[in-house]
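Only one structure is covered here, and it is reproduced in the block below.
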Amino acid sequence: MGGMAAAAAVAGSPAFAQDKPAIEPTRLKSAGETLRPEIVGDFGIVAAGRHYAVAAGVKMLMAGGNATDAGVAAVFAASVTEISHFGFGGEAPSIIYDAKTKTVSVINGQGVAPGLATPAYFAKEGVIPGNGPNGGTIPAMVDAMAKALALNGTKTLHEVMEYAIELADGFVMYNFLAEVFASQKKATSQYKTAYDTYYPGGKSPVTGEMFRQPNLARTMRIVADASRASFAATQDRKAAIQAGRDAFYKGDIARRIGAAMQADGGLMRYEDLARYEGKVEAPATADVFGYTICKGGFWSQGPTLLMTLQIAEAAGISKMEPGSALYLHTLTEAMKLAFDDRNAYFGDPDFATVPAKGLLSKAYAAERAKLIGPMASLEHRYGNPWKYEGKRRTTPAFTPHKIEKPAGPTADTTAIEVVDKDGNLFSCTPSSGWLLGGAYIAGDTGVPMSNRLTVFDLDPTSPNLLVPYKRPRTTLSPSMVLKDGAPFLAIGTPGGDNQDQQIANVLLRVLAFGEPLQASIEAPRINSNHFHGSFGRKEDAPGELEIEDRVPTAVRADLAARGHKLVVLGPYGVSTGIVAAGVAPGGNLRGGADVRRERYVFGW
Numbered sequence: 078m079g080g081m082a083a084a085a086a087v088a089g090s091p092a093f094a095q096d097k098p099a100i101e102p103t104r105l106k107s108a109g110e111t112l113r114p115e116i117v118g119d120f121g122i123v124a125a126g127r128h129y130a131v132a133a134g135v136k137m138l139m140a141g142g143n144a145t146d147a148g149v150a151a152v153f154a155a156s157v158t159e160i161s162h163f164g165f166g167g168e169a170p171s172i173i174y175d176a177k178t179k180t181v182s183v184i185n186g187q188g189v190a191p192g193l194a195t196p197a198y199f200a201k202e203g204v205i206p207g208n209g210p211n212g213g214t215i216p217a218m219v220d221a222m223a224k225a226l227a228l229n230g231t232k233t234l235h236e237v238m239e240y241a242i243e244l245a246d247g248f249v250m251y252n253f254l255a256e257v258f259a260s261q262k263k264a265t266s267q268y269k270t271a272y273d274t275y276y277p278g279g280k281s282p283v284t285g286e287m288f289r290q291p292n293l294a295r296t297m298r299i300v301a302d303a304s305r306a307s308f309a310a311t312q313d314r315k316a317a318i319q320a321g322r323d324a325f326y327k328g329d330i331a332r333r334i335g336a337a338m339q340a341d342g343g344l345m346r347y348e349d350l351a352r353y354e355g356k357v358e359a360p361a362t363a364d365v366f367g368y369t370i371c372k373g374g375f376w377s378q379g380p381t382l383l384m385t386l387q388i389a390e391a392a393g394i395s396k397m398e399p400g401s402a403l404y405l406h407t408l409t410e411a412m413k414l415a416f417d418d419r420n421a422y423f424g425d426p427d428f429a430t431v432p433a434k435g436l437l438s439k440a441y442a443a444e445r446a447k448l449i450g451p452m453a454s455l456e457h458r459y460g461n462p463w464k465y466e467g468k469r470r471t472t473p474a475f476t477p478h479k480i481e482k483p484a485g486p487t488a489d490t491t492a493i494e495v496v497d498k499d500g501n502l503f504s505c506t507p508s509s510g511w512l513l514g515g516a517y518i519a520g521d522t523g524v525p526m527s528n529r530l531t532v533f534d535l536d537p538t539s540p541n542l543l544v545p546y547k548r549p550r551t552t553l554s555p556s557m558v559l560k561d562g563a564p565f566l567a568i569g570t571p572g573g574d575n576q577d578q579q580i581a582n583v584l585l586r587v588l589a590f591g592e593p594l595q596a597s598i599e600a601p602r603i604n605s606n607h608f609h610g611s612f613g614r615k616e617d618a619p620g621e622l623e624i625e626d627r628v629p630t631a632v633r634a635d636l637a638a639r640g641h642k643l644v645v646l647g648p649y650g651v652s653t654g655i656v657a658a659g660v661a662p663g664g665n666l667r668g669g670a671d672v673r674r675e676r677y678v679f680g681w
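The sequence shown begins at 78 in the working numbering and counts up one residue at a time.
Next comes the structure, spelled out in structure tokens:
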């Protein structure tokens, strides 16, 4: 033994590193290691569903586009390649942060009911179908993306659609989508145009082969060509965007959609598309844990996230240990209270009177937080936000309830989040036009139609009652977070009623405890099924709590002793797929993607 090493050994000190065997490089492990690395950079980051959507966004950033250009390109690519969850005729609620004006805008992106759609029409069946020619609201995605591009983008429609059109001409089928196609072949066979489109020659698409959608590609080219021709003639970017948008809603595409719908017994007509116009709105907001959370309005479930976080904050959750039994119990009860109020009070404010001020008031959150006791509540506890509204109630009381008539299956959603070097943020939660339960395509357009009409209620006392040209209380829920007015995070997920619960799971760790983004995304999750759901039969499961088995056994036992009815899932078993992108506290960019849904993130 050498002199220095011997002296160290005698003194009881550790030997120098060079006296130890070299560690094989593949065995190195970071203290904060996650299953997927958190992406960091200073140029731009795109987080989305499949790699095709992320590639579209990154291509647009590299072509000089900003976060909105990239986000819109990614949405169009997803509408072609993620048709298990979302198609060209679906919805795309979005939130945009404009770094120049420092403003947040919501593009509602949720279609309305056709003019012929009434409760009386569906009264005999007692439930609105989730599939087929009468399953959907007016296609809103094209309008929403056009409005996003005009508001905060720098590119034209034909530029942001270019890669998506290439994908419609053909993309290599991936395994998850191939499995969905195989499982939904029988269900889709009831709709000939969809079956012929997705199962040419009666064959299911196979992993690794080229999958082509020529009718959809033709429809997309009509939109892009109208934009290109207008821009060539006028050099006016916004006029070109409008021309492309109108080619879908007011031209031959809309006429063919309307004719196909009528021929197939649907309620939608050309006039419904021609009159449709989405909205750009101010966000609903709440200040919690020192941050400002921005959501869509009460036509969506978005404000439930604001209510959940405010109730949890009032209940003192920031002083609890993350992941502990008390922490998870408090979060669960806060979500249950917020979602019960969602079902009782939310509806399109253009048609329903919503006590928005009361629902989002800190005083109301504090009142609701006092209902959280040591045991799980197995009751639906609807509050009285009118007390905090500043005026008397003007609407009838509505008690949410299950529909006894069986309904078909529902499907899911995707999410796209983008940040660029200037701090622009884009958050979008596209959905509908999915395969589950059988896709319906309008004629020869290649456009799979929405599935969102089923979210409406038929009960005349409901604020979410079906009314012609009304927006259903959509589950689609993009989110944005600001810190002292500056951009912080765009975040979203698929998951229907799960969306704002899962975002709450992640945001609590990031905002209240300062935990890293990717680690917060991968942390064990819970999801409540207590409240009445949005789809089909509007079923509830009082006290039922889904929980991943990575939550320690002792914590699960404590929750069960409190009365929660645990449904223990696999290690990453909650049905969700969080993606997020934003500005880290130090000023650089970061992004994360869930391991639960094959989510994807890339950038630098």
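Note that CB positions come from ideal geometry on N, CA and C, so glycine has one too.
C-alpha of SER107 to C-alpha of VAL672: approximately 18 Å in a straight line. The segment 558-566 makes no contact with the segment 536-550: fewer than 3 CB pairs, one atom from each, lie closer than 8 Å. If you compare the alpha carbons of LEU414, LEU383, THR274, SER454 with that of SER438, the shortest gap goes to LEU383. In terms of Cα proximity to MET287, the closest of ALA421, MET297, ARG298, TYR275 is TYR275. Contact check for SER508 and GLY166: beta-carbon distance about 11 Å, past the 8 Å limit, so the pair fails to qualify. As the crow flies, the alpha-carbon of ALA217 is around 43 Å from that of MET452.
In this chain, the beta strand (DSSP E) harbouring PHE679 covers 677-680. The three-state secondary structure of TYR368, taken from DSSP, is strand. Ranked by Cα distance from LYS464, the options ILE480, LYS479, ALA474, ALA440 are led by ALA440. A Cβ-Cβ separation of about 5 Å places LEU350 in contact with TYR326 under the 8 Å criterion. Distance from the CA atom of GLY620 to the CA atom of ALA337, rounded to whole angstroms, is 44 Å.
Taking 8 Å as the cut-off, the Cβ atoms of GLY523 and GLN290 count as close.
In the structure shown, the three-state DSSP call for GLY355 is coil. Where GLU236 is concerned, the enclosing alpha helix (DSSP H) starts and stops at 234-237. Taking the C-beta atoms as reference points, ARG586 is found no nearer than 8 Å to ALA567.
Spanning the alpha carbons of GLN378 and ASP577 requires a straight line of approximately 8 Å.
Judged by DSSP in its simplified three-state form, PRO291 adopts helix.
By the Cβ-count criterion, ARG676 is buried, with 16 or more other Cβ atoms from all chains shown falling within 10 Å of its own Cβ. DSSP places ASP427 in the coil class of the three-state scheme, outside both helix and strand.
Taking a cut-off of 8 Å for Cβ pairs, the segment 310-322 and the segment 173-193 do not touch, as fewer than three such pairs fall below it.
Only buried fits PRO170, as 16 or more other CB atoms lie within 10 angstroms of its CB. Put simply, of ALA411, PRO210, PRO196 the residue whose alpha carbon is nearest the alpha carbon of LYS269 is PRO210. Taken through DSSP and simplified to helix, strand or coil, ILE624 comes out as strand. Going by C-alpha positions, PHE590 is about 7 Å away from SER395. Classified as exposed, THR178 has fewer than 16 neighbouring CB atoms from the shown chains inside 10 Å of its CB. If you check the CB distance, LYS434 and GLY467 come in under 8 Å.
Within the same chain, PRO477, PHE608, HIS609 come within 7 Å of ASN420 by CB-CB distance, once the 5 residues on both sides are set aside.
Following the DSSP letters along the chain, one finds GLU110 in no beta strand (DSSP E), marked with neither H nor E.
Taking C-beta atoms as the reference points, ARG322 and ALA223 count as a pair closer than 8 Å. Apart from the 5 residues on each side of it in sequence, VAL632 sits with its Cβ closer than 6 Å to the Cβ of ALA402 in its chain, given in chain order. For ILE449, the three-state secondary structure derived from DSSP is coil.
Taking a contact to require three or more Cβ pairs closer than 8 Å, the segment 227-235 and the segment 300-312 qualify as touching. Comparing alpha-carbon positions, the option among PHE503, ILE603, GLU494 lying closest to VAL656 turns out to be GLU494. Fully contained in the segment 166-237 are the following alpha helix (DSSP H) runs of length 4 or more, in chain order: 196-199, 218-229, 234-237. Here the segment 239-257 lies against the segment 155-162, with 3 or more beta-carbon pairs under 8 Å apart. Within a 10 Å sphere around the beta-carbon of MET139 sit fewer than 16 other beta-carbons, which makes this residue exposed.
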